[in-house]
Amino acid sequence: MMLQNKVAVVYGGAGSLGAGVAKAYTEAGARVFLVGRTEATLKRTATEVGAEYDVLDARDEQAVEAHAASVVERAGRLDVSVNLVPRGDFQGVPLMEMSLEDYTRPVVQGIACQFITARAAARRMVPQGSGVILSLNSGSANGSPMMGGTAAADGALDALIRQFAQEIGPAGVRVCGIWTAGVADSLTPEKLAAAGATGMDEAAVQGLVGHLDSMRMTKRSPRIADIAALATFLASDAGVSITGTWVNATAGMFPS
């Protein structure tokens, strides 16, 4: 029970990765609040993993602040904040052919949403003298061809996490992230189509997973359960010495 008596908020909690993290957190003893914009999927996920849920847009500053305050009112504290909200990445098009909107969308939407939720969490955690803020990206900040604005968005988030860690670390709050470079069993034709990979069926998705496997040192891409276990460790007191950095869970795709 690594998270016994901890209170966690998972933004983007109805997604496959959010649900996996929430499940791991509840099994580890945490009280979990899922956040998202679609009540039907949130309610279903909350029932499946044993969590509570609230419907709001994590890009809405006032709504996020009000929600963070309400979590403290209902649960007495806020110990863990995880942001897994999609940011509108668009890939598979050369930069010289990509529109400005498609390139900048994940950068602008992604960093704004991450800043809003991290700030709201920090404002509650600093006074209580403890807490963990977690994020996740692909680890593409060093540059990846045909990834559109993903590399720039990842780089911005890498910097944000490190800066927050430096500023609020003295108050006892840790801030860190996880690089994944794709989570195999979270990939679906629908998600890939939204990111620009149209016309893919399940067989094509499995082909993509095989390609990702081949790029990793271990020849195996991370799964939802792997990332959820790592997120549980980082959120727990066992990870007390880890802050201001990104844990490389790419299985060696991007050597640190």
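Per the numbering used here, residue 1 is the first one in the sequence shown, and the count goes up by one each step. We put the CB at the ideal spot given by N, CA and C, even for glycine.
By the beta-carbon neighbour count (other beta carbons within 10 angstroms, threshold 16), A238 is exposed. A22 and A51 have their C-alpha atoms roughly 7 Å apart. Counting only runs of 4 or more residues that sit fully inside the segment 139-174, the alpha helix (DSSP H) segments are 150-168, in chain order. D54 sits close to H67, with the two beta carbons spaced by under 8 Å.
For S236, the three-state secondary structure derived from DSSP is coil.
For L34, the enclosing beta strand (DSSP E) stretches over residues 31-36.
Contact holds between the segment 37-49 and the segment 5-16, because three or more Cβ pairs, one in each stretch, are under 8 Å apart. According to DSSP, L134 shares a beta bridge with V82, C176.
Around the beta carbon of M1, fewer than 16 other beta carbons lie within 10 angstroms, which makes this residue exposed. L234 sits away from V209, with the two beta carbons spaced by 8 Å or more. Apart from the 5 residues on each side of it in sequence, K219 sits with its Cβ closer than 7 Å to the Cβ of D213 in its chain, given in chain order. Note on geometry: alpha-carbon atoms of I227 and R31 lie some 19 Å from one another.
The Cβ atoms of W179 and F115 do not sit closer than 8 Å to each other.
DSSP, reduced to helix, strand and coil, places D54 within a strand of the structure shown. L136 counts as buried, since at least 16 other C-beta atoms from the protein chains shown sit within 10 angstroms of its C-beta.
Around the beta-carbon of G76, fewer than 16 other beta-carbon atoms lie within 10 Å, marking it exposed. Secondary structure at V108: helix, using DSSP grouped into helix, strand and coil.
With the rule of 3 Cβ pairs closer than 8 Å, the segment 165-181 counts as touching the segment 129-143. When C-alpha distances from D89 are compared across A231, A151, T26, the shortest belongs to A151. Going by C-alpha positions, P94 is about 5 Å away from M146.
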